[in-house]
Amino acid sequence: MSHCVSFGKDKVMFLTEADLKGPSSIVLPEPEEPRGLMLPNGDINWGCPCLGNAAIGPCSVEFRESLSCFHKSEADPKGSDCLGQFREMNDCMARFPALYKQDKDTDATLKSLEENNISSNKPSEREEPSSQTKEETKTASLEK
């Protein structure tokens, strides 16, 4: 006859040979296909281990906004309309260097992308309105 003994948080079950000879009543779930960054419906798989700790932690909101923007971007080049979100994510990650390793080329790459994005705009779009400060104009051009 089988019986159970509890040891604090643990429970030990003692079974007889007769208990083990019967068929198992455990039903195992069907194995799922391994999933990568993209789910079959086209959404981002935020639980993918390929994202490392970027999707969780102190900068997760900024990371998710940046990646979502890039994923949905239809601009040419892809993601050029997401520079504001990328800058916010990069700034946040810079505040937590112990959690997020800084790539030395990140700032140079971002600056180059910003310059290319600004130079590809029409001249009339680049002119500063007199009522805006340079910082507001820079933020507005990043959000375009």
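Numbering follows full-length UniProt numbering, with no gaps: position 126 of the sequence shown is 126. By construction, the Cβ of each residue, glycine as well, lies at the ideal position given by its N, Cα and C atoms.
- Counting other Cβ atoms within 10 Å of its Cβ, PHE96 stays below 16 and is therefore classed as exposed.
- Here ASP19 carries a helix assignment [DSSP, helix/strand/coil].
- Counting other Cβ atoms within 10 Å of its Cβ, ASN90 reaches 16 or more and is therefore classed as buried.
- PHE96: not part of any alpha helix (DSSP H); DSSP gives it neither H nor E.
- Contact between GLU88 and GLU62 holds, with the beta-carbon distance rounding to 5 angstroms and staying under 8 angstroms.
- In the three-state reduction of the DSSP assignment, SER112 falls in the helix class.
- Between MET93 and CYS48, the C-beta spacing is not below 7 angstroms.
- A residue is called buried when at least 16 other Cβ atoms come within 10 angstroms of its Cβ; ASP43 does not meet this threshold and is exposed.
- In the three-state DSSP reduction, SER24 falls in the coil class, being neither helix nor strand.
- Within the same chain, Cβ atoms closer than 7 angstroms to the Cβ of SER66 are found at CYS82, GLN85, PHE86, MET89, the five residues on either side in sequence being excluded.
- Beta-bridge pairing by DSSP links ASP10 to PHE7.
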